[in-house]
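From first to last, the protein sequence lines stand for chains A and B.
Heads up: the first sequence begins at 1 in the UniProt record's numbering, then just goes up one per residue.
Heads up: the second sequence begins at 1 in the UniProt record's numbering, then just goes up one per residue.
Below is one structure; the comments refer to it alone.
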Amino acid sequence: MKRLQRLLSDRLAAASLAVLAAILAAGALAPWIAPHPPDEVDMALRYAPWSLDYPLGNDQLGRCVLSRVLHGIRPSVLYVLAAVLASAGFGTAVGMAAGLLRGRTDALLMRLCDVMLSFPGYVMTLAVIGVLGTGLANILLAFILMKWAWFARVARTAVQRHADAGYVLFARTLGAGRLTLLRRHLLPACLPELAVLASGSFGTTLLQVSGLSFLGLGIQAPHAEWGMMLSEARQAMFSRPEQLLAPGFMIVLTVSAVNFLSDALQTALDPQAGGPRQAAAVPGEPEAAAAAMLRKEAV
Amino acid sequence: MLAAEGIAKSYSSRPGRRAQRQAVLEEVTLRCAEGECLGIIGASGSGKSTLGRILLGLERPDQGKVTIDGRERAHRDAVSAVFQDYRSSIHPFFTVRQALLEPLRGKRLGRAETDRRLEEMLEQVGLDGSYLERYPHELSGGQAQRVCIARALLTGARWIVLDEAVSSLDASVQAQVLELLERIRGMHGIGYLFITHDLEAAAFLCDRIAILHEGRIVETLARGRLGEARHPYARELLALFRSGLGTGTGALNADKEGKG
Numbered sequence: 001m002k003r004l005q006r007l008l009s010d011r012l013a014a015a016s017l018a019v020l021a022a023i024l025a026a027g028a029l030a031p032w033i034a035p036h037p038p039d040e041v042d043m044a045l046r047y048a049p050w051s052l053d054y055p056l057g058n059d060q061l062g063r064c065v066l067s068r069v070l071h072g073i074r075p076s077v078l079y080v081l082a083a084v085l086a087s088a089g090f091g092t093a094v095g096m097a098a099g100l101l102r103g104r105t106d107a108l109l110m111r112l113c114d115v116m117l118s119f120p121g122y123v124m125t126l127a128v129i130g131v132l133g134t135g136l137a138n139i140l141l142a143f144i145l146m147k148w149a150w151f152a153r154v155a156r157t158a159v160q161r162h163a164d165a166g167y168v169l170f171a172r173t174l175g176a177g178r179l180t181l182l183r184r185h186l187l188p189a190c191l192p193e194l195a196v197l198a199s200g201s202f203g204t205t206l207l208q209v210s211g212l213s214f215l216g217l218g219i220q221a222p223h224a225e226w227g228m229m230l231s232e233a234r235q236a237m238f239s240r241p242e243q244l245l246a247p248g249f250m251i252v253l254t255v256s257a258v259n260f261l262s263d264a265l266q267t268a269l270d271p272q273a274g275g276p277r278q279a280a281a282v283p284g285e286p287e288a289a290a291a292a293m294l295r296k297e298a299v
Numbered sequence: 001m002l003a004a005e006g007i008a009k010s011y012s013s014r015p016g017r018r019a020q021r022q023a024v025l026e027e028v029t030l031r032c033a034e035g036e037c038l039g040i041i042g043a044s045g046s047g048k049s050t051l052g053r054i055l056l057g058l059e060r061p062d063q064g065k066v067t068i069d070g071r072e073r074a075h076r077d078a079v080s081a082v083f084q085d086y087r088s089s090i091h092p093f094f095t096v097r098q099a100l101l102e103p104l105r106g107k108r109l110g111r112a113e114t115d116r117r118l119e120e121m122l123e124q125v126g127l128d129g130s131y132l133e134r135y136p137h138e139l140s141g142g143q144a145q146r147v148c149i150a151r152a153l154l155t156g157a158r159w160i161v162l163d164e165a166v167s168s169l170d171a172s173v174q175a176q177v178l179e180l181l182e183r184i185r186g187m188h189g190i191g192y193l194f195i196t197h198d199l200e201a202a203a204f205l206c207d208r209i210a211i212l213h214e215g216r217i218v219e220t221l222a223r224g225r226l227g228e229a230r231h232p233y234a235r236e237l238l239a240l241f242r243s244g245l246g247t248g249t250g251a252l253n254a255d256k257e258g259k260g
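In structure tokens, the structure reads:
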């Protein structure tokens with residue numbers, strides 16, 4: 001794949017991808033690679049510093065911090081990723097339908113989006129938690145309910161911008177149906193914008209889930225989650241500040257990796273965004289050279 | 001024979017309200033024989049692009065029908081298109097090869113055979129195989145329109161609708177592309193429906209010119225007989241053309257004199 005090559009030729013992107021892949025793999029394999037069960041309490045090891053047996057030390061109940069960090073990957077990263085993908089998929093489908101069908105369908109779907117977008121995100125999440133009760137599943141459900149409207153908006157605008165482009169008209173003269181148009185032409189054209197939005201909301205969702213767990217509304221004890229771990233470490237913030245390091249570092253690392261990757265992804269998906277090959281002026285073609293000059297000036 | 005008979009099309013300015021429908025085309029009838037180049041000239045808002053879309057089968061007329069050899073709805077294989085905006089006429093993420101493969105999808109050709117056809121076609125439009133791996137933003141306007149012409153030819157169509165196909169190009173490039181179109185017509189015996197606002201370009205390429213004014217074809221003239229126009233709008237257009245105030249450029253005339 002040419003696009004993957006382009007993505008990996010960017011060192012920061014390759015590093016981000018490697019970090020994320022490692023985190024996801026560790027999350028998936030947590031029960032097998034974690035040195036201890038995440039909720040094994042041993043009060044004798046309370047706030048123990050790092051040792052060979054417990055590489056990241058122990059928390060206020062003497063549980064293995066490394067094991068808890070590893071087990072925390074599932075709710076903090078994997079489930080958040082699933083929620084973002086679900087809302088991106090649903091929102092994109094709605095937005096593309098609205099952009100392509102236009103008319104009343106469009107008006108109806110977009111007013112629905114307006115309604116969703118008019119609620120502040122946290123308020124809606126808290127309302128859903130108030131109705132359905134606390135728990136990670138409910139928080140993620142609330143996120144899906146909130147975020148799809150953003151994806152729908154972006155997808156609709158992108159589809160409308162491209163729907164009258166020459167290449168779409170040409171595909172239609174070849175007899176392409178709506179689904180073919182979407183799949184082959186419009187979806188790839190909208191992908192960079194959607195990818196950026198998706199990675200952005202992955203970062204914010206991860207932080208919000210951690211935030212809500214920190215407040216005690218997300219995942220419930222004794223399960224491990226990074227925000228929860230921070231919340232528990234807070235109790236000993238002044239006497240044992242090092243307890244904050246492991247979960248805090250993991251959150252920062254994951255969110256940064258996702259953001260760097262999304263920047264690189266945008267460049268890699270769009271051939272116009274300054275790939276390795278720039279517009280080359282062909283000898284005897286002053287127009288190409290002039291066009292290349294103009295583009296450079298525009299940049 | 002590509003024929004349009006009694007085409008009428010109107011759009012409503014607000015959906016669902018019949019009273020406010022605005023007629024774009026009324027009673028348009030035209031014919032274009034195999035291998036003929038018919039110019040369709042009109043100012044902006046005269047309905048010429050709508051007519052082009054109807055001829056391509058992208059829109060259905062409210063009344064009337066488009067037939068190809070007497071058969072309705074046969075556009076797909078018989079009519080192809082080159083559009084005005086060269087910046088958007090090729091998918092920005094497709095290479096020239098991918099763009100040219102679009103019309104060949106579903107036709108089972110081996111890889112070597114496909115490559116040979118693509119290169120041959122690029123050479124016919126004045127490019128070569130080295131362009132296959134380029135992206136549209138790496139092409140100049142003239143090159144992009146050449147690729148679009150090649151793409152239209154690869155569909156195997158018998159007519160190509162050229163909707164303002166040279167209008168957004170520089171004057172000198174316009175002349176080159178028009179000459180290319182003329183040469184390709186000789187090679188493939190393909191017919192053109194050349195939609196433009198530029199009488200000069202149409203006079204260069206077309207056998208006959210239909211003048212579209214406010215949604216109606218007011219006059220159809222053979223190339224050599226433009227002076228015989230009777231309709232006031234057609235005469236006005238010709239007067240502008242002669243006095244050199246037309247929207248066209250001097251490049252074509254200079255070119256013709258050079259040849260003659």
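All C-beta atoms in this analysis are idealised placements derived from N, C-alpha and C, irrespective of residue type, glycine included.
In whole angstroms, what separates the C-alpha of residue i from that of residue j?
| i | j | result |
| --- | --- | --- |
| B/L101 | B/D163 | 22 Å |
| A/L187 | B/R97 | 20 Å |
| A/R156 | A/A149 | 10 Å |
| A/L45 | A/P75 | 26 Å |
| B/F241 | B/A203 | 10 Å |
| B/I209 | B/R225 | 10 Å |
| A/L179 | B/I160 | 26 Å |
| B/L58 | B/H197 | 21 Å |
| A/I73 | A/A26 | 8 Å |
| B/L237 | A/S87 | 56 Å |
| A/D53 | A/Y47 | 14 Å |
| A/L17 | A/L261 | 7 Å |
| A/L244 | A/L212 | 17 Å |
| A/Q278 | B/L181 | In this prediction, A/Q278 has a pLDDT of 39, which is less than 50 and means its spatial position is unreliable; nothing more can be read from the coordinates. |
| A/G200 | A/L78 | 16 Å |
| B/V125 | A/R184 | 26 Å |
| B/G70 | B/Q145 | 31 Å |
| B/A175 | B/L205 | 10 Å |
| A/A137 | A/A189 | 33 Å |
| A/P247 | A/L230 | 6 Å |
| B/I195 | A/D263 | 43 Å |
| B/M1 | A/L145 | 56 Å |
| B/L35 | B/T29 | Looking at the sequence provided, one finds Gly at residue 35 of chain B rather than Leu. Taking the straight line from one Cα to the other gives about 19 Å. |
| A/P276 | B/I90 | Only weak support exists for where A/P276 lies, its pLDDT of 43 falling under 50; the value from the coordinates is given anyway. Taking the straight line joining both Cα atoms gives about 21 Å. |
| A/F214 | A/M228 | 5 Å |
| B/A78 | A/L109 | 38 Å |
| A/H162 | A/A268 | 20 Å |
| B/E120 | B/I184 | 13 Å |
| A/L8 | A/V196 | 17 Å |
| B/D115 | A/D10 | 32 Å |
Tell me where the beta strand (DSSP E) around residue i begins and ends.
| i | result |
| --- | --- |
| B/R208 | 208-213 |
| B/F194 | 191-196 |
| A/V255 | A/V255 -> not in any beta strand (DSSP E); alpha helix (DSSP H) instead, spanning 245-269. |
Name the chain B residues that come within less than 9 Å of residue i, Cβ to Cβ?
| i | result |
| --- | --- |
| A/A171 | H91, E102 |
According to DSSP, which residues form a beta bridge with residue i?
| i | result |
| --- | --- |
| A/G203 | Its beta-bridge partners do not exist; DSSP assigns none. |
| B/Y11 | B/Q22 |
| A/V19 | None; A/V19 has no bridge partner. |
| B/A4 | B/L30, B/V66 |
So residue i is in the alpha helix (DSSP H); what residue range does that whole segment cover?
| i | result |
| --- | --- |
| A/Y167 | 166-173 |
| A/V154 | 136-163 |
| B/R216 | No alpha helix (DSSP H) contains B/R216, which is instead part of the beta strand (DSSP E) from 216-222. |
| A/M237 | Note, A/M237: premise wrong, no alpha helix (DSSP H); not H, not E. |
| B/E119 | 111-124 |
| B/A234 | 232-242 |
| A/G130 | 121-132 |
Listing by chain order, which chain B residues have their CB less than 7 Å from the CB of residue i?
| i | result |
| --- | --- |
| A/G166 | F83, D85, S88, S89 |
Cβ closer than 7 Å: which chain A residues qualify as neighbours of residue i?
| i | result |
| --- | --- |
| B/Y192 | Within chain A, no residue comes near B/Y192; the closest Cβ sits about 15 Å away, beyond 7 Å. |
| B/S80 | T173 |
Given that residue i touches chain B, what residues does it touch there, using C-beta distances under 8 Å?
| i | result |
| --- | --- |
| A/Q272 | P92, Y135, H137 |
| A/A189 | H91, P92, F93 |
| A/H185 | H91 |
For a contact defined as C-beta to C-beta under 8 Å, what are the partners of residue i on chain A?
| i | result |
| --- | --- |
| B/S167 | Correct list: empty, because the minimum Cβ distance to chain A is about 13 Å. |
| B/G57 | T173 |
Say the cut is 7 Å; is the CB of residue i nearer than that to a heavy atom of the ligand GTP?
| i | result |
| --- | --- |
| B/C37 | As for the ligand GTP, it is missing from this structure, which has no ligand bound. |
Alpha helix (DSSP H) runs wholly inside the region 30-105 of chain B, at least 4 long, in chain order:
48-56, 75-78, 96-101
Start-end ranges of the beta strand (DSSP E) lying completely within the region 137-172 of chain B, minimum 3 residues
159-163
For a minimum of 4 consecutive residues, which ranges assigned as the alpha helix (DSSP H) are wholly contained in the region 42-105 of chain A?
65-73, 79-101
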